[in-house]
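Following: one structure in structure tokens, then a few remarks.
In our numbering, the protein residues as written are 57 to 735.
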């Protein structure tokens, strides 16, 4: 039997051990409560960091269509490969096998896969389907796949400079993709990566979610057919001339909508990484050049609008050389007296200077600004340049003469097209645009572009008159004759501008930008077209190179749009009567006051009167008959054996004619008459 002392000692030990057991149990309960309740959020977050990874997936970008619904940019489903390095059994082996399949460098991949502290790393983005199949066959733990989308441009190079491109992260980087990225990009979503029972990386959620995240769809003003025509003809013109680069832009002057915007050299946005920024920049909006003689219509229309010059006002063109301050300006061919209209027809620089002197520098500058020069048009394409147009306060004594014929200033192609749209659209300038509308994935309208009027630069009357003058430029004896289109009346102007030699800092005799700017049909314009060629080889002109390209683009576009031909367009007489008459004075007079006797031996300025339609009469003896003193009704009724084209100015009786009576008569010869009231 245990003695009492020993029994008490054992009981104390049991109580101590029991107490310790109770304390231990209480400690476990407290710790369990701490883990399950107080620290639950913290521990769950730690577990998530160790076993899951949130990956931000970009939504499928919206589609881009042309004005007729043709697909220009779409997004295709594609898979990307990721890894959870901690789950890889052999990072080096995985890197070796993956690099071989994916055709990538092994060392950088091995480095990424060896980062055991990283929960997620990309292996490869937007991988071809056949490579995905091969990687799946490896059955690596720690390797997973995520659905993404890849931008695709079905037309390849078609409208590449307008569309631009989106990068691998589905962010617009150039062109429309950049400008309207906020609509196209859609919403991003976080996708959680986890492990399955075998430790392989999988997606806990998110597969198939890109469809609901897709961006909005754009419809552009671009017409794929006209765009294709413009690109083809521009490429042919560039190849024919050996030009370094070029542009061809087509706009509807009634709305400012761009129907085509071709740029050479072209680039394929599907492979944008193979091109330099110099190649994928949109020269239509970024490149500044001196316009040359294509600026003359804006000069003359401004002077006409101000009422300081009429189409038939006469200017002495100095027989080809005109000194202003310390500089002598030249014409390609010498001219004596020319009407303002004929100054445009023969593209006289000196004549343009004389018109600008009458208009004045400040007025000319103000009109140029109103036409849109010297500041961006606001077209919805990134990188648009302002151009170069200094204020008159910064001009030298030769600035106005130079700017009068398009030197000493800089423009962009889009500025020229927009400004010409004002001439074609009864004097109203529209803001150019390439966006027609935006709709969401369900087809609901989000935004629609409404034609935006910037300014009424000219009156309807002035716009119609300048159009008539520009039609003469494209007549058989005009500098733009190569831009003629059978069946249609064409209004346009050639341009041949010297470039600055980067080595000498002076105008080069070899480097040029040639262009043709015009619109058709002149009677009711539907298309404004500008073709530019940068640094063509040889001594070429805008009329001989850009003019034919303009005609080919316009003729095909008009046929495609089913624009009916003008009525008897080929029979319409376009010549300016007094302009023809005065243009002949050069044969007889080198100075004012020494003209032919048919003009009474004096130089004169004809009042601003519209010319009547030319009529045909006959001549009998192979000589030009005398119409002096005849009334207009008698002239029209005169009959003979030969055929001449008769034009007149004024009313009353004939007081002057050219060619003079008795001159040899040639078939189709033009005879110009001046009439004044009798007495």
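C-beta: ideal position from N, C-alpha, C; glycine also. Being a predicted model, the structure only gives us computed values, none of them experimental.
By Cβ distance below 8 Å, which residues in the same chain neighbour residue i in space, the five residues on each side in sequence not counted?
{"i": "residue 383", "result": "454 and 457"}
{"i": "residue 379", "result": "385"}
{"i": "residue 718", "result": "679, 680 and 682"}
{"i": "residue 342", "result": "439, 440, 441 and 468"}
What does a CB cutoff of less than 6 Å around residue i pick up in its chain, not counting 5 residues either side in sequence?
{"i": "residue 305", "result": "317, 340, 469, 473 and 586"}
{"i": "residue 557", "result": "564"}
{"i": "residue 16", "result": "Lying outside 57 to 735, the shown extent of the chain, residue 16 is not represented and no answer is given."}
{"i": "residue 401", "result": "528, 529 and 534"}
{"i": "residue 155", "result": "162 and 165"}
{"i": "residue 431", "result": "442"}
{"i": "residue 242", "result": "115, 269, 270 and 271"}
{"i": "residue 190", "result": "157"}
{"i": "residue 151", "result": "162, 165, 166 and 169"}
{"i": "residue 129", "result": "120, 209 and 219"}
{"i": "residue 434", "result": "487"}
Short of 7 Å in beta carbon distance, which residues of its chain neighbour residue i, apart from the five on each side in sequence? Order them along the chain.
{"i": "residue 466", "result": "344, 345, 346, 443 and 444"}
{"i": "residue 464", "result": "455 and 458"}
{"i": "residue 363", "result": "none"}
{"i": "residue 212", "result": "324 and 326"}
{"i": "residue 484", "result": "478, 509 and 512"}
On the criterion of 16 or more Cβ atoms from any shown chain inside 10 Å, does residue i qualify as buried, or is it exposed?
{"i": "residue 330", "result": "exposed"}
{"i": "residue 208", "result": "exposed"}
{"i": "residue 545", "result": "buried"}
{"i": "residue 391", "result": "buried"}
{"i": "residue 145", "result": "exposed"}
{"i": "residue 193", "result": "exposed"}
{"i": "residue 738", "result": "Lying before the first or after the last residue shown, residue 738 is absent from the chain, which here runs from 57 to 735."}
{"i": "residue 71", "result": "exposed"}
{"i": "residue 561", "result": "exposed"}
{"i": "residue 566", "result": "exposed"}
{"i": "residue 597", "result": "buried"}
{"i": "residue 421", "result": "buried"}
{"i": "residue 410", "result": "buried"}
In whole angstroms, what is the alpha-carbon distance linking residue i and residue j?
{"i": "residue 138", "j": "residue 223", "result": "19 Å"}
{"i": "residue 459", "j": "residue 570", "result": "17 Å"}
{"i": "residue 620", "j": "residue 607", "result": "16 Å"}
{"i": "residue 408", "j": "residue 327", "result": "47 Å"}
{"i": "residue 312", "j": "residue 507", "result": "7 Å"}
{"i": "residue 639", "j": "residue 336", "result": "With a pLDDT of 39 at residue 639, under the threshold of 50, the modelled position of this residue cannot be trusted, and the question is left open."}
{"i": "residue 716", "j": "residue 533", "result": "21 Å"}
{"i": "residue 174", "j": "residue 496", "result": "38 Å"}
{"i": "residue 368", "j": "residue 271", "result": "58 Å"}
{"i": "residue 231", "j": "residue 204", "result": "22 Å"}
{"i": "residue 651", "j": "residue 372", "result": "Confidence in residue 651 is poor, its pLDDT being 32 and thus under 50, which makes the residue's placement unreliable; the coordinate value appears in the next sentence. Their backbone Cα atoms lie some 12 Å apart in a straight line."}
{"i": "residue 594", "j": "residue 406", "result": "25 Å"}
{"i": "residue 185", "j": "residue 135", "result": "8 Å"}
{"i": "residue 365", "j": "residue 521", "result": "12 Å"}
Pick out whichever of the options has its Cα sitting closest to the Cα of residue i.
{"i": "residue 398", "options": "360, 158, 526 and 610", "result": "526"}
{"i": "residue 424", "options": "195, 528, 160 and 513", "result": "513"}
{"i": "residue 517", "options": "534, 482 and 492", "result": "482"}
{"i": "residue 348", "options": "373, 378, 130 and 553", "result": "553"}
{"i": "residue 599", "options": "164, 432 and 531", "result": "531"}
{"i": "residue 574", "options": "505, 541 and 596", "result": "541"}
{"i": "residue 737", "options": "436, 153, 205 and 371", "result": "This structure cannot settle anything about residue 737, because the visible part of the chain is limited to 57 through 735."}
{"i": "residue 418", "options": "79, 450, 440 and 732", "result": "450"}
{"i": "residue 589", "options": "714, 528, 294 and 680", "result": "294"}
{"i": "residue 277", "options": "616, 494 and 612", "result": "494"}
{"i": "residue 709", "options": "718, 722, 685 and 728", "result": "685"}
{"i": "residue 117", "options": "176, 227, 160 and 214", "result": "227"}
{"i": "residue 602", "options": "617, 280, 505 and 291", "result": "291"}
{"i": "residue 359", "options": "415, 405 and 314", "result": "415"}
{"i": "residue 550", "options": "609, 185, 352 and 315", "result": "352"}
{"i": "residue 315", "options": "721, 726, 613 and 730", "result": "613"}
{"i": "residue 580", "options": "622, 572 and 605", "result": "622"}
{"i": "residue 396", "options": "354, 183, 429 and 282", "result": "354"}
{"i": "residue 539", "options": "578, 281, 559 and 357", "result": "578"}
{"i": "residue 537", "options": "480, 591, 605 and 490", "result": "605"}
{"i": "residue 215", "options": "240, 172 and 285", "result": "285"}
{"i": "residue 403", "options": "499, 462, 440 and 504", "result": "462"}
When every heavy atom of the ligand ATP is checked, does at least one fall within less than 7 Å of the C-beta of residue i?
{"i": "residue 506", "result": "As for the ligand ATP, it is missing from this structure, which has no ligand bound."}
Runs of beta strand (DSSP E) wholly within the stretch 491-531 (minimum 3 residues, chain order): List check, beta strand (DSSP E) in window: 491-495, 501-504 and 509-512.
Every unbroken alpha helix (DSSP H) within the stretch 129-205, with a cutoff of 4 residues, ordered by chain: Listed in chain order, the complete alpha helix (DSSP H) runs (minimum 4 residues) inside the stretch 129-205 are 147-158, 162-169 and 185-194.
In chain order, each beta strand (DSSP E) run of at least 3 residues that lies wholly inside the stretch 308-362: The qualifying runs are 313-320.
Every unbroken alpha helix (DSSP H) inside the stretch 213-240 [4 residues or more]: Taking only runs of at least 4 residues, the alpha helix (DSSP H) segments lying wholly in the stretch 213-240 are 216-219, 231-235 and 237-240.
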